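J.: Let me give you the structure first, and then I'll get to my questions.
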Amino acid sequence: MKHQQNVDEIDGLEIDFIGNIFFSKSPRNIDSVVETSVAKVGVFVKESLATIKEKINQHGLAVIQLHGGESNDFCKSVKQFGVQVWKVLSIGPDFDFSQLSNYPDADMFLLDTETKNYGGAGKKFDWGLLFEIDKKIPKKYFLAGGIDPEDTEEIKALQLEKLTGLDLNSRFEISPGIKDPVKLEKFVKELRS
216 MKHQQNVDEI
226 DGLEIDFIGN
236 IFFSKSPRNI
246 DSVVETSVAK
256 VGVFVKESLA
266 TIKEKINQHG
276 LAVIQLHGGE
286 SNDFCKSVKQ
296 FGVQVWKVLS
306 IGPDFDFSQL
316 SNYPDADMFL
326 LDTETKNYGG
336 AGKKFDWGLL
346 FEIDKKIPKK
356 YFLAGGIDPE
366 DTEEIKALQL
376 EKLTGLDLNS
386 RFEISPGIKD
396 PVKLEKFVKE
406 LRS
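Dropping the structure here:
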């Protein structure tokens with residue numbers, strides 16, 4: 216989220232994290248600090264350790280989400296900055312399940328749809344894969360990729376042991392980086408009911 220007014224509009228909702236995109240090629244790229252009572256996730260793609268550390272200090276980030284081809288050693292280095300590290304895995308029809316064991320130092324995974332770009336494409340992967348992933352994945356994970364305001368019943372029906380959260384992006388936006396507080400509030404209430 217990139218604008219303070221929009222952050223203020225959703226700050227009172229039962230949301231655990233707010234994402235700040237630090238990727239210059241994204242229309243959601245953030246350039247100013249936003250204040251919130253919600254934990255902030257810094258989203259990075261192939262960024263240097265020095266820049267990540269600078270953004271942690273500047274923006275008060277609690278979690279770093281890594282979207283590039285970062286190694287486990289890179290995850291381990293980022294953790295030394297006192298933050299959680301969430302490693303994004305791109306899920307497509309030919310997903311390599313061996314990836315699930317490649318990141319012992321990541322605190323959590325975020326499962327997103329495989330695309331040419333990095334996130335925000337509004338497309339779902341085959342959620343039928345989640346049942347096999349949930350059995351094999353060594354840690355908790357967030358689900359991302361094309362989650363829609365109308366998906367609450369399908370998500371509640373998944374009942375996966377290690378699924379711990381949802382990353383809501385483009386389908387909950389008025390425009391890139393501007394969340395629709397009405398859609399978010401309705402979705403959160405329906406999901407928690």
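According to the numbering used here, the sequence shown is numbered sequentially starting from 216. We put the beta carbon where it would ideally sit given N, CA and C, even for glycine. Predicted, not measured: the structure shown is a model, and the values here were computed from it.
Count the other CB atoms within 10 Å of the CB of ILE233; is the residue buried (16 or more) or exposed (fewer)?
T.: Looking up residue 233 in the sequence shown gives position 18. ILE233 comes out buried.
J.: What first and last residue would you give for the alpha helix (DSSP H) that runs through ALA277?
T.: For this step, residue 277 is matched to residue 62 along the sequence shown. Note, ALA277: premise wrong, no alpha helix (DSSP H); not H, not E.
J.: Between which two residues does the beta strand (DSSP E) carrying SER292 extend?
T.: In the sequence shown, residue 292 corresponds to position 77, counting from 1. Note, SER292: premise wrong, no beta strand (DSSP E); alpha helix (DSSP H) at 287-294.
J.: Can the beta-carbon of ASN235 be found closer than 8 Å to that of VAL253?
T.: As a working mapping, residue 235 is identified with position 20 in the sequence shown. As a working mapping, residue 253 is identified with position 38 in the sequence shown. Contact: no.
J.: Is ILE271 buried or exposed, if buried means 16 or more other CB atoms sit within 10 Å of its CB?
T.: Position 56 of the sequence shown, counted from the start, is the residue given in the question as residue 271. By the neighbour-count rule (16 or more Cβ atoms within 10 Å), ILE271 is buried.
J.: With 16 other CB atoms within 10 Å as the buried threshold, where does GLU269 fall?
T.: On the sequence shown, position 54 is the one that residue 269 refers to. By the 10 Å Cβ count, GLU269 comes out exposed.
J.: Under three-state DSSP, which class holds ASN384?
T.: Mapped onto the sequence shown, residue 384 falls at position 169. It is coil, neither helix nor strand.
J.: How many Å lie between SER239 and ASP246 at the Cα?
T.: Here residue 239 refers to the residue found at position 24 of the sequence shown. Here residue 246 refers to the residue found at position 31 of the sequence shown. So the two alpha carbons sit approximately 9 Å from each other.
J.: How many Å lie between ASP322 and ILE279 at the Cα?
T.: Position 107 of the sequence shown, counted from the start, is the residue given in the question as residue 322. Position 64 of the sequence shown, counted from the start, is the residue given in the question as residue 279. Near 10 Å, if we compare the C-alpha coordinates of ILE279 and ASP322.
J.: Would you call PHE289 buried or exposed, if buried means 16 or more other Cβ atoms sit within 10 Å of its Cβ?
T.: The residue labelled residue 289 in the question sits at position 74 within the sequence shown. Buried, because 16 or more other Cβ atoms sit within 10 Å of the Cβ of PHE289.
J.: May I ask you to report which of helix, strand or coil DSSP gives ASP327?
T.: Looking up residue 327 in the sequence shown gives position 112. Three-state DSSP puts ASP327 in a strand.
J.: Report yes or no: do the region 391-399 and the region 366-380 share at least 3 C-beta pairs separated by less than 8 Å?
T.: Because the criterion of three Cβ pairs below 8 Å is not met, the region 391-399 and the region 366-380 do not touch.
J.: The beta strand (DSSP E) spanning ASN235 covers which residue range?
T.: Your numbering for residue 235 matches position 20 in the sequence shown. 232-237 is the span of the beta strand (DSSP E), which, as asked, contains ASN235.
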